[in-house]
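One structure is given below, encoded as structure tokens.
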Amino acid sequence: MNGIQAIVAVDEGKSVQYFDHEDNVWLSFDKDTGFKVGCLLGEPNQHGRIVKFRIKPSFVYINGVKVPAPLQDK
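In this note's numbering, the protein residues as written are 51 to 124.
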């Protein structure tokens with residue numbers, strides 16, 4: 051997902067995350083997250099990396115085991 055798709059997903063009420071390469075973790079993304087427009091358009095950031103975005107995965111528990119939730123159609 052690119053940055054524009056991430057912004058649209060936030061507008062639709064979805065939980066979006068971006069990958070922090072320095073700490074190797076996914077962090078929450080919203081409209082107040084301080085990205086330059088170029089990074090949202092797929093240009094490399096100041097460290098030469100392209101920012102990755104994703105919809106935050108959801109999980110369900112089946113017999114006490116955490117598994118990814120099935121994808122839902124609109």
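All residues carry an ideal CB built from backbone N, CA and C; glycine is no exception.
Tell me whether the beta-carbon of residue 95 lies closer than 8 angstroms to the beta-carbon of residue 101.
yes
Under the three-state DSSP convention, the category residue 115 falls into:
strand
Residue 91 (DSSP reduced to helix, strand or coil)
coil
From this set, 119, 112, 108, 53, which residue's C-alpha is nearest residue 81's C-alpha?
53
At what residues does the alpha helix (DSSP H) containing residue 57 begin and finish?
53 to 61
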